[in-house]
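In what follows, a structure is listed as structure tokens, so that the remarks can point back to it.
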Amino acid sequence: MTKTAVAIRHVAFEDLGSFEPALRQLGFEVSYREAGLDDLADPALLAADLLVVLGGPIGAYEDDSYPFLGDEIASIEKRLARQRPTIGVCLGAQLMACALDARVYPGGVKEIGYGTLTYSDAGRRVLAPVAEAEAAVLHWHGDTFDLPEGAVRLASNQHYENQAFALGDFALATQFHIEATVEGLERWFIGHTLEIATTPGVDVPGLRAQARRFGDGLATASAATLETWLHSAEREAASA
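Following this line, the structure appears as structure tokens:
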């Protein structure tokens, strides 16, 4: 029986990246739901074997401007309550925090570019391939969140204590990106041109150089991390 993976996409260029071929290789049928256009209260989001909530340039708390966020958070909340495998990346991680009643808010520092992390013991287990490789991950955010009740902190850095968390073996949230590819980032550089231009010390040539230096190694580690996590999530789902 084919497994299904549904990704909620907030902007066209922030897609599954290196996760997509890895998911297809693991036997998943992959599809997207487009935020702002598709019904994010669709029961198919709960029924999917895996939900991946991707990034985007809006705040998880901006539901007055983006009413779809209410349905999106409610769908995530239902999945987490039923311990359905769920991954959140950047905005997706913040929306997972909202669904778990944690505070999401603007941070003191905007992080754009590659950097390393400090991992907890749990983080070295859950994110093992990335952590063991000491891979530089891609940061692209200005918001942050409090650690949800019952969640385990996985990673931190000098700017933000909560860079990733897990809930059991069925939910993984990363403030940073491990899925972005070198090729795919060329679209980010266009789509995020205003943000890049208004962030001191950040420019496209510098980001492109970082991507060429770190991107291929991160893509390999990210695919392995996804596979490791999915095996754990599937074992938990089978025993639930």
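Taking the working numbering, the leading residue of the sequence shown gets 1448, the next gets one more, and so forth. Don't be surprised by glycine CBs; every beta carbon is placed ideally from N, CA and C. Fair warning: this is a prediction, and the values are worked out from it, not measured in the lab.
Given a length threshold of 3 residues, each whole run of the beta strand (DSSP E) inside the stretch 1563-1602 is given here in chain order: 1584-1592.
Across the structure, Trp1676 and Tyr1552 are spaced so that their CA atoms are roughly 28 Å apart. DSSP, reduced to helix, strand and coil, places Thr1640 within a helical segment of the structure shown. Residue environment for Ser1478: exposed (fewer than 16 other C-beta atoms within 10 angstroms of its C-beta).
DSSP, read as helix, strand or coil, puts Pro1468 in helix. Taking Gln1610 as reference, the option from Glu1524, Trp1635, Ala1656, Asp1593 with the minimal CA-CA separation is Asp1593. Nearest to Gly1555 by C-alpha distance, out of Leu1542, Ala1569, Ala1583, His1606, is His1606.
Bridge pairing for Phe1617: absent [DSSP]. Around the Cβ of Arg1456, a 10 Å sphere holds 16 or more other Cβ atoms; the residue is buried.
Counting only runs that start and end inside the stretch 1634-1681, the alpha helix (DSSP H) elements of at least 4 residues fall at 1640-1644. Counting only runs of at least 3 residues, the stretch 1455-1519 fully encloses the following beta strand (DSSP E) elements, listed from N- to C-terminal order: 1475-1481, 1497-1500. Listed as beta-bridge partners of Tyr1552 by DSSP are Thr1591. With fewer than 16 other Cβ atoms inside 10 Å of its own Cβ, Arg1550 counts as exposed. Between Ala1540 and Ala1620 a beta carbon distance of about 4 Å is seen, short of the 8 Å cut, so the two are scored as contacting.
Per the C-alpha coordinates, the member of Ala1658, Val1573, Ala1469, Asp1518 positioned closest to Leu1601 is Val1573. As computed with DSSP, Lys1525 is found in no beta bridge at all. In the three-state scheme derived from DSSP, where H, G and I count as helix and E and B as strand, Ala1546 is classed as helix.
Under the three-state reduction of DSSP output, Glu1558 falls in the strand class. Counting every other CB atom within 10 Å of its CB across the protein chains shown gives His1678 a total below 16, marking it as exposed. Closest in C-alpha terms to Thr1563, from the list Asp1486, Gln1622, Ser1512, Ala1495, comes Gln1622.
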